[in-house]
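The working numbering puts the sequence shown at residues 45 to 512.
Glycine included, each C-beta is placed from N, C-alpha and C at the ideal position.
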Amino acid sequence: MANSDAARGRGTGPGPLRDGGPGRRVVLVSTNYAPEQAGIGPYAAQLAEHWATQPGWDVHVLAGMPHYPAWRTDRAYRGVWRATELRAGVQVHRRRHTVPPRQTAARRALYEASILAHGLLAPPRLGGRPDAVVAQLPSLAGGLLGARLARAAEVPFIPVVQDLMGAAAAQSGIRGGGRAAALAGLAERRVLASATLVGVIHESFIDRVAALGVPASRIRTVPNWTHTAQAARPREETRARLGWRRDETVVLHAGNMGLKQGLEVLIETARLLEGEQGRERLRIVLMGDGNQRRHLARLAAPLSGVELLPPAAEADFPDVLAAADVLAVTQRASVLDMSVPSKLTSYFAAGRPVIASVAADGGTAGEVRRSAAGVLVPPEDPEALATALRSLAADPARAAGLGAAGRAYATGHLGREAALTRLTALLEEALTLPPAPDHRPTVPGTRHRRGALPGAAPGAARQQGGPA
Numbered sequence: 045m046a047n048s049d050a051a052r053g054r055g056t057g058p059g060p061l062r063d064g065g066p067g068r069r070v071v072l073v074s075t076n077y078a079p080e081q082a083g084i085g086p087y088a089a090q091l092a093e094h095w096a097t098q099p100g101w102d103v104h105v106l107a108g109m110p111h112y113p114a115w116r117t118d119r120a121y122r123g124v125w126r127a128t129e130l131r132a133g134v135q136v137h138r139r140r141h142t143v144p145p146r147q148t149a150a151r152r153a154l155y156e157a158s159i160l161a162h163g164l165l166a167p168p169r170l171g172g173r174p175d176a177v178v179a180q181l182p183s184l185a186g187g188l189l190g191a192r193l194a195r196a197a198e199v200p201f202i203p204v205v206q207d208l209m210g211a212a213a214a215q216s217g218i219r220g221g222g223r224a225a226a227l228a229g230l231a232e233r234r235v236l237a238s239a240t241l242v243g244v245i246h247e248s249f250i251d252r253v254a255a256l257g258v259p260a261s262r263i264r265t266v267p268n269w270t271h272t273a274q275a276a277r278p279r280e281e282t283r284a285r286l287g288w289r290r291d292e293t294v295v296l297h298a299g300n301m302g303l304k305q306g307l308e309v310l311i312e313t314a315r316l317l318e319g320e321q322g323r324e325r326l327r328i329v330l331m332g333d334g335n336q337r338r339h340l341a342r343l344a345a346p347l348s349g350v351e352l353l354p355p356a357a358e359a360d361f362p363d364v365l366a367a368a369d370v371l372a373v374t375q376r377a378s379v380l381d382m383s384v385p386s387k388l389t390s391y392f393a394a395g396r397p398v399i400a401s402v403a404a405d406g407g408t409a410g411e412v413r414r415s416a417a418g419v420l421v422p423p424e425d426p427e428a429l430a431t432a433l434r435s436l437a438a439d440p441a442r443a444a445g446l447g448a449a450g451r452a453y454a455t456g457h458l459g460r461e462a463a464l465t466r467l468t469a470l471l472e473e474a475l476t477l478p479p480a481p482d483h484r485p486t487v488p489g490t491r492h493r494r495g496a497l498p499g500a501a502p503g504a505a506r507q508q509g510g511p512a
């Protein structure tokens, strides 16, 4: 936790590596990181912790303050300006930034600018030169910081594309998204052009990354993995605790409540189903947090068939997923190739059927087809969604078959060890390659010497302030 001795700056990390030793000193730049339980944070943490278990590896993470998916700074970190934590063998260097409670293009730009400014002002002190720098996108600031750290140290830079910010601005419906998409696309082009190799979590991203100027020979597919444990409690016990009746079909959406999810379709579906007489009743549950939660709560207030729950604790999350009857993933019709929801890996592992209200040509639909774990319906179409839910509720054998297919897909294709091995191989391959032709990312208004880490003034990364 943030209030540990390590978080107050008293923890110490691994010592410098000896020249010629077998280890690696790696920097991972990821705005989102543990203790965040949704989105990119768990993947970044499990990757860094995996590397930290390798003999001789010295792993550092440059991260923001935990805030996702609530878009509120975690209470334990409020008032913290900078912090260094030792978490599961990883040195985590946190920098304060703005956290916009509502999403517009201007607010998102300020969020990114504050991450970039603080990262430039106080880069992490590593105790030596890194061997490689890895960055998790969509954070444009994180990508720029990672590229700059790599250039300064003259080492490989490997961005891993989880989402594409330019496409997200254009497709998510965010206010002011058109101009933001153009600017974000320029920044992404600069970041990716400087990469030694680029990892993408789904093949549907390859064409768009290539269109940003990255040769296909430098792109590698490194899928995400199932990062949740198996359910530990009987379904009946969890359902009773949550107040879910045996004679109702529970349709659960778990995760971020943002613009791109278009969760209004689930509420409109519940409105269509309200008052229907039948053998089984459908309950739609939205569990999580995000900048659209209050809006969704207002829409759902008149409906008895909709329930909003806070995010489940990490230990309870697998039990809640397994206790539902159907797991829902929704996206706006405009969302095509900018995102594949991280929740899908957890959904498949839970062994419950998935219903996906998404564009048929997008990466999410492709993943549902590949897994054979669910049903696809057109996005933003509550009548189609209601029809599909009635069909699943009336056919338990079919639902069970879809759930079993998802679990088999997770076991066979989304294993953690295999995914982490792929990412380690990506890093090791990058170490054997020459720099990218345009390995000179710069940040406007900054200059530094090649071969010297930026911000190397003594004490630049000392903690200034502690958790409340």
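Give the secondary structure of residue i by DSSP, where H, G and I count as helix, E and B as strand, and everything else as coil.
i, result
"V178", "strand"
"V398", "strand"
"Q90", "helix"
"R126", "strand"
"V309", "helix"
"R338", "helix"
"A372", "strand"
"R327", "strand"
"H104", "strand"
"P440", "helix"
"R484", "Unreliable placement is indicated for R484, whose pLDDT of 48 sits below 50; the coordinate value is still reported in the next sentence. The answer is coil: DSSP assigns R484 none of H, G, I, E or B."
"P203", "strand"
"I84", "coil"
"D425", "coil"
"D291", "coil"
"G332", "strand"
"V143", "coil"
"A457", "Rather than Ala, the amino acid found at residue 457 in this sequence is His. Here H457 sits in helix by DSSP."
"H271", "coil"
"L347", "coil"
"H111", "coil"
"A231", "helix"
"A474", "helix"
Where residue i and residue j are concerned, what is the direct C-alpha to C-alpha distance, given to the nearest angstrom?
i, j, result
"Q305", "E424", "10 Å"
"A437", "M109", "42 Å"
"R264", "T117", "34 Å"
"Q375", "L467", "28 Å"
"R338", "S238", "40 Å"
"S74", "L433", "37 Å"
"Q90", "G163", "22 Å"
"A27", "G410", "Any question about residue 27 goes unanswered here, given that the chain covers just 45 to 512."
"V199", "T313", "52 Å"
"L471", "P86", "19 Å"
"V103", "L296", "37 Å"
"P440", "H137", "49 Å"
"A417", "W269", "16 Å"
"G100", "G172", "14 Å"
"R152", "A231", "14 Å"
"R413", "Q98", "36 Å"
"L193", "A150", "27 Å"
Figure out for me which residue from the options has the closest Cα to the Cα of residue i.
i, options, result
"A444", "G410, D369 and P362", "D369"
"R290", "A298, P144, A367 and A469", "A367"
"P362", "M331, A92 and S378", "M331"
"S183", "G172, S158, A166 and L170", "S158"
"R119", "A132, Q98, D102 and V143", "V143"
"A430", "F392, R315 and N335", "R315"
"V373", "I399, D360, G83 and R152", "I399"
"A403", "A377, I250 and D333", "A377"
"G407", "P355, R233, D251 and E232", "D251"
"E292", "Q206, S248, V350 and A275", "V350"
"P203", "R442, A150, A452 and I245", "I245"
"A96", "A179, P267 and G67", "G67"
"D207", "E473, G187 and Q147", "G187"
So residue i and residue j are supposed to be a Cβ contact under 8 Å. How far apart are they, rounded?
i, j, result
"L241", "G257", "Not confirmed; about 14 Å, so no contact."
"G447", "P397", "5 Å"
"V134", "L106", "Rounded, the Cβ-Cβ distance is 11 Å, inconsistent with contact."
"A284", "I311", "The Cβ separation is near 26 Å, so there is no contact."
"R140", "A78", "Not really, about 17 Å apart at Cβ, beyond 8 Å."
"F392", "A454", "4 Å"
"A92", "P267", "Actually they are not in contact, since the Cβ atoms of A92 and P267 sit about 18 Å apart, beyond 8 Å."
According to the neighbour-count rule (16 or more other Cβ atoms, all chains shown, within 10 Å of its Cβ), is residue i buried or exposed?
i, result
"S261", "exposed"
"P346", "exposed"
"E156", "buried"
"A359", "exposed"
"S435", "exposed"
"V405", "Correcting the residue type first, residue 405 is Asp in the shown sequence and not Val. By the 10 Å Cβ count, D405 comes out exposed."
"R146", "exposed"
"L371", "buried"
"R442", "exposed"
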